[in-house]
Every structure is written in C-alpha cells, then in structure tokens.
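Below is one structure, written out as structure tokens; the observations come after it.
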Amino acid sequence: MERQLETEIVSMRTAWDPADELVAAGESEEVLLAITGQRDEGETRLSRALRYHWSLRPPDGIVAATVTLRLPIDKPQGPTGSDLIASSQASSSPQICTVHAVDHHLLVNAAVPADAGPFAYIDCDGHSRELTGSFCTDTANAILAAANRPPIKGHCLRIGGTTFYMSAGIPETDIRRHGRWKTDVMLTYIRRMYVSAG
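Plus 161 on top of the position in the sequence shown (first one is 1) and you've got my numbering.
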C-alpha cells in the first residue's frame, strides 16, 4: 500500500508543469496532509485554518520531525478544533513525506501573507491565491487520467489515509484518535472498498 501511494504521488509530481512549482508545492502538500492526517480536503480551507497555524518541529534524537496544522474549528470537534499532525517519512518514504512537502511549500511560497489559507500560493502574476478543493481535485484527476489511473474525490483522501494506516498494522484505536473518527463509519468505508475490489 505504501509503495502504491508513493508511486501515485510521484506520478502526480512529475506531471506538474515546472512553471507551476508554487501551485504544485501547495497541492502535493494538501494531498499528502489529507492522506496522512486522515481528513477531507475541505477541512483546511481559509474559513477554518490560516497560514500561521502551521508549526514545524525539527527532529530531536530518535523522535522524528513533525508538522502540525491547528484547525480552530473542524467538523468532528466543532468549535474546540483539533490538530492535524504528520511525522516525517524522510528515511522510509521520502517521496511521500508530509513534513518535507509542508516545509517546501512554506519556503517557495514565503511571500504569502500570514492571514491567507494554509495552502495558499503565489500565482504567475505574483498574487496570493487560495488553493481550492475543486482546483486540487481537478488537477490531481487530470494528472491521474493522463497516467491512465482512475479519478479521485476529495473525500477519498481521508478514508485512503485510514486504509493506509490499517494496512500498515497501526492499531485501530490509534487510527481513530489520529483521524478524529467518532463513529464506526470508517469501518463501513473500508468494508465497502474491500467488497467492491473483491
């Protein structure tokens, strides 16, 4: 599963136009965080999170580097909010390392104002633009179609992250906590996926 995910992300990255590096940085970061953070792509829009809600923690001894995006409001927790946390995969799967993707995005899009959304980028005219869910999904689907891969929907990213962790042997209680699952609906999604694939 991890190698398949890495292959898909690499094919998406190589298909992006090099002139669109600023957009690509934000888009690959959003897709990776959606998967590793088990969230829907709409959960981190400007209405819920801002650029200054990012925090990066460097590695410390045997503890891996992490990236955290604070969501002041989110669907599962409401006004209490929650944190989306991803740890570095630089040593095992550098192509799908969310920490590296976020760091790269923040670096190449350093001119984006702090009160913009977390995935905002600088367009070719030098203006700050919000990365919309539809643009992210449409771009990913165009790239996947060019590679003869099936299309995705934004919601599949959250369940894809859950499936990724389950196939890696992560305990269900940890997946529930990390993915902010309050019901058994995650098991229903996974069951449907296996039945349709079977």
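Glycine is no exception: its CB is placed at the ideal position from the N, C-alpha and C atoms.
These numbers come from a predicted model, not from an experiment.
Counted within 10 angstroms of its Cβ, other Cβ atoms place residue i as buried (16 or more) or exposed
i	result
G321	buried
V263	buried
A329	exposed
A301	buried
I257	buried
When the options are compared against residue i, the one with the closest alpha-carbon
i	options	result
V273	W215, S289, V260 and L230	S289
P312	V269, F325 and S295	S295
Y270	R212, S216 and P332	For clarity, residue 270 is Asn in the given sequence; the question names Tyr instead. Minimum Cα distance to N270 is reached at R212.
S216	I257, P255 and L267	L267
Cβ pair residue i, residue j closer than 9 Å
i	j	result
G278	T298	no
S249	T259	yes
I246	V228	yes
Beta-carbon contacts of residue i that lie in its chain and below 7 Å, excluding the five residues immediately before and after
i	result
H214	L230, R231 and P279
D284	R290
Contacting residues, own chain, Cβ-Cβ under 6 Å from residue i (five flanking each side not counted)
i	result
A306	none
Original post:
What are the complete alpha helix (DSSP H) segments, minimum 4 residues, inside the segment 212–284?
Top reply: You should have 259–269.
**OP:** Could you name each continuous alpha helix (DSSP H) segment of 4 residues or more that falls completely within the segment 297–349, going from the start of the chain to the end?
**Re:** Counting whole runs of 4 or more residues, the segment 297–349 contains the alpha helix (DSSP H) stretches 317–328 and 333–340.
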